[in-house]
Amino acid sequence: MYAAVMLAQAGHSVTIYEKNEKLGKKLFITGKGRCNLTNNCEVEELMKHVVTNPKFLYSAFYNCNAQDVMQFFEQNGLELKTERGNRVFPASDHSSDVIKTLEQALKKRKVTICLYHTVTKILTEQVQNQMRAAGVSVKDADGHQKLEYFDAVVVATGGLSYERTGSTGDGLQFARDLGLQVTECLPSLVPFEIKEDFCRELMGLSLRNVTLSCYTKKKNKEKLLYHDQGEMLFTHFGISGPLVLSASAYAGKAKGEPVWVEIDLKPALTMEQLDDRILRDFDAAKNKQVRNALDDLLPKKLIPVMIELAEIDPFKQVNAVTREERERLVSCMKKLTLHVAGTRGYEEAIITKGGVSVKEINPKTMETKQIPGLYFIGEVLDVDALTGGFNLQIAWSTAATVLLTQ
Ligand SMILES: Cc1cc2nc3c(=O)[nH]c(=O)nc-3n(C[C@H](O)[C@H](O)[C@H](O)COP(=O)(O)OP(=O)(O)OC[C@H]3O[C@@H](n4cnc5c(N)ncnc54)[C@H](O)[C@@H]3O)c2cc1C
Numbered sequence: 006m007y008a009a010v011m012l013a014q015a016g017h018s019v020t021i022y023e024k025n026e027k028l029g030k031k032l033f034i035t036g037k038g039r040c041n042l043t044n045n046c047e048v049e050e051l052m053k054h055v056v057t058n059p060k061f062l063y064s065a066f067y068n069c070n071a072q073d074v075m076q077f078f079e080q081n082g083l084e085l086k087t088e089r090g091n092r093v094f095p096a097s098d099h100s101s102d103v104i105k106t107l108e109q110a111l112k113k114r115k116v117t118i119c120l121y122h123t124v125t126k127i128l129t130e131q132v133q134n135q136m137r138a139a140g141v142s143v144k145d146a147d148g149h150q151k152l153e154y155f156d157a158v159v160v161a162t163g164g165l166s167y168e169r170t171g172s173t174g175d176g177l178q179f180a181r182d183l184g185l186q187v188t189e190c191l192p193s194l195v196p197f198e199i200k201e202d203f204c205r206e207l208m209g210l211s212l213r214n215v216t217l218s219c220y221t222k223k224k225n226k227e228k229l230l231y232h233d234q235g236e237m238l239f240t241h242f243g244i245s246g247p248l249v250l251s252a253s254a255y256a257g258k259a260k261g262e263p264v265w266v267e268i269d270l271k272p273a274l275t276m277e278q279l280d281d282r283i284l285r286d287f288d289a290a291k292n293k294q295v296r297n298a299l300d301d302l303l304p305k306k307l308i309p310v311m312i313e314l315a316e317i318d319p320f321k322q323v324n325a326v327t328r329e330e331r332e333r334l335v336s337c338m339k340k341l342t343l344h345v346a347g348t349r350g351y352e353e354a355i356i357t358k359g360g361v362s363v364k365e366i367n368p369k370t371m372e373t374k375q376i377p378g379l380y381f382i383g384e385v386l387d388v389d390a391l392t393g394g395f396n397l398q399i400a401w402s403t404a405a406t407v408l409l410t411q
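When we follow the working numbering, the leftmost residue of the sequence shown carries the number 6, and every step to the right adds one.
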């Protein structure tokens, strides 16, 4: 939609083929229905939040940065607001207003919109020994197939996540069919399934201000993939929440090696400080059993789990707890270790990692190097970023960078 507006504005005659009954079905569910449409920061910050192939996006981000996107929406009548972490939302808190703004801009620039039209193939032609894009084969709502010829074709079909929104990976297949390299795809920004059974007991528990470190093994050495402080929660299958989603963006780097996370439940305290704190709490609860003496330190649901992990008898009087037992408790609280069995699937993944290889694409025009006239933009490309409006910024920036060469 953004590419169509920009190209129409530049004087091109543009047609959008959308297989759904309406435009922007994924956009509608973004930001929990509020659409975190970008992150109001400098290009360097945008780059830092891109996990895969940030350098490829350098030109696109400089060509269309977060402020350009905000200006576009504001000039087209959408009031915006910036929240915690520079996250930008429509002031109305309705993603539908972002879609409406784009639709109005498309209408104003006389872009032809063909809903219920599924592109099934990219057409190419041979011009002086060079293959180039010639148009598309589309299937309409009645199942009729027709060939439509164009000077250029821009593929903006998204990735593989939340396929009910229309992103079923068609663009990846078009690329493969044309002999273009597509890197391995994985669900990303996605919850982790955890091997330890006690996670199920903790279902519904959310933790704030904890640190999460995600590790793998490389050449038999421990390798840190991700570390940050924030929020997470336990679910019936494992763990989720902002820290976990971000960690998942780096888990692909483990390349099949085991992945585990360590949670520091008390990052503000050193081991010694935490031990002192436990001693003080135990002192105030001399005649209590261990299971009843940790209420000030841990959420209720976590207490039996931590006591069991530290191998302490929960019915033991606190004054009988040994130094070794206390040390084990401190160590469990500073390093709660969970082994990752896998990630959840595409139906729960905010984005797809992997896609059309950036080696195939000219970063200054988004045109494929091998097939002039064919362009790829947005999530179909092998680029992905953390949460915070960065993935949509990638979509807007790559869209605005399409430069038709013919
Ligand atoms: C639950 C959820 C929340 C998210 N929240 C945010 C957020 O707040 N901020 C953020 O930055 N990012 C967010 N994202 C990520 C963001 O939505 C995507 O990265 C972005 O939408 C990608 O844009 P795109 O145009 O490349 O693809 P999409 O938005 O997936 O659009 C692709 C379109 O192409 C159509 N299509 C596909 N194949 C064909 C075909 N063969 N013929 C015709 N049409 C076709 C689809 O129907 C679809 O409408 C979220 C994602 C999810 C799943």
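Beta carbons: idealized from backbone N, C-alpha and C, even for Gly. It should be emphasised that the depicted structure is a prediction, and the values quoted were computed from it without experimental measurement.
Query	Result
DSSP state of Leu177 mapped onto helix, strand, coil	helix
Beta-carbon proximity of Val388 to Asn58, cut-off 7 Å	yes
Expected contact under 8 Å - CB spacing of His122 and Asp102 to nearest Å	That pair is no contact at about 25 Å.
Alpha-carbon spacing of Gly90 relative to Thr43, whole angstroms	11 Å
Three-state secondary structure assigned by DSSP to Gln72	helix
CA-to-CA distance, Arg169 to Phe242, given in whole angstroms	23 Å
C-beta contact flag for Ala405 and Met11 at 7 Å	yes
Heavy atom of ligand 1 within 6 Å of Thr123 beta-carbon	yes
Whole-angstrom distance between Pro272 and Glu236, CA atom to CA atom	13 Å
Bridge-paired residues (DSSP) for Met276	According to DSSP, Met276 bridges with nothing at all.
Pair within 7 Å by beta-carbon distance, Val159 and Tyr380	yes
Minimum Cβ-Cβ distance from Leu128 to chain B less than 7 Å	The displayed structure is made up of one protein chain only, and chain B is not part of it.
Reference Leu152; option with closest CA among Gln135, Glu332, Val124	Val124
beta-carbon Asn45 near ligand 1 non-hydrogen atom, thresh 6 Å	no
Cα-Cα separation between Ile268 and Met75, rounded to whole angstroms	37 Å
Beta-carbon spacing of Val361, Val187 below 7 Å	yes
Burial state of Met338 (16 or more Cβ within 10 Å)	buried
Cutoff 7 Å; reference Glu88; Cβ partners in own chain excluding five residues on either side	Phe94
Candidates Asn225, Ile244, Ser97: closest to Leu210 by CA position	Ile244
Burial state of Thr117, where buried means 16 or more other Cβ atoms lie within 10 Å	exposed
Proximity to Tyr63 [Cα-Cα], best of Met52, Asp73, Gln72	Met52
Beta-carbon proximity check, Val195 vs Thr348, cutoff 7 Å	yes
Span separating the alpha-carbon of Asp300 from that of Thr173	48 Å
Contact between the segment 176-190 and the segment 326-345 (3+ Cβ pairs under 8 Å)	no
Same chain only: Cβ atoms within 7 Å of Ser253, ignoring 5 sequence neighbours per side	Ser193, Leu194, Val195, Phe197, Thr348
Buried/exposed call for Leu307, threshold 16 Cβ in 10 Å	buried
Asp280 and Val335 closer than 7 Å at C-beta	yes
Residues that Arg92 bridges to, as DSSP identifies them	Asn44, Glu88
Any non-hydrogen atom of ligand 1 closer than 6 Å to Asn81 Cβ	no
Beta-carbon spacing of Ala71, Glu84 below 7 Å	no
Pairwise C-alpha distance: Gln131 and Ile166	First, the residue type needs correcting, since residue 166 is Ser and not Ile in the sequence shown. Rounded to whole angstroms, Ser166 to Gln131 spans 34 Å at the Cα level.
Three-state secondary structure (DSSP) of Ile376	coil
Rounded separation between Ala217 and Thr275 - CA only	The identity of residue 217 in the sequence shown is Leu, whereas the question assumes Ala. Each residue's alpha carbon lies about 16 Å from the other.
Inter-residue spacing [alpha-carbon to alpha-carbon] between Tyr7 and Thr106	10 Å
Length-filtered (4 minimum) alpha helix (DSSP H) runs lying within the segment 128-203	175-182
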